[in-house]
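The structure appears below as structure tokens.
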Amino acid sequence: MSAAFVKAAKQFDALVAALPLSDGCEEAQLKRIAELQAESDVVGQELQKQLEAAGGPLPGICLGGTTNRLHQASYGCIY
9 MSAAFVKAAK
19 QFDALVAALP
29 LSDGCEEAQL
39 KRIAELQAES
49 DVVGQELQKQ
59 LEAAGGPLPG
69 ICLGGTTNRL
79 HQASYGCIY
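Take 9 as the starting number for the sequence shown in the numbering used here and just add one per residue.
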């Protein structure tokens, strides 16, 4: 059991080490999240325009509103 614990701890440490470094500042992280959300909204709007130009949404793709694209991307909308 202790060997499994040590192995799990090493895996955890490796995962933490692989995380991208952040500024450590919550304000900077929230700003980056807002920037990514805005970028996602722009991409989503462009996709919506392209789908409308192509004749409508494709089967199996959930588009929803443009305000929640990051949430949709996180949980996946393609069936």
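Using N, Cα and C, we set each Cβ at its ideal position, and we do this for glycine too.
Simplified DSSP assignment, three categories, for L38:
Correct three-state label for L38: helix.
Counting along the chain, where does the alpha helix (DSSP H) carrying L23 start and finish?
L23 -> alpha helix (DSSP H) spans 10 to 26.
DSSP three-state label for A62, please.
Reduced to three states, the DSSP call for A62 is coil.
Local Cβ density within 10 Å of G52, reported as buried at 16 or more and exposed below that:
Here G52 is buried, its C-beta having at least 16 other C-beta atoms within 10 Å.
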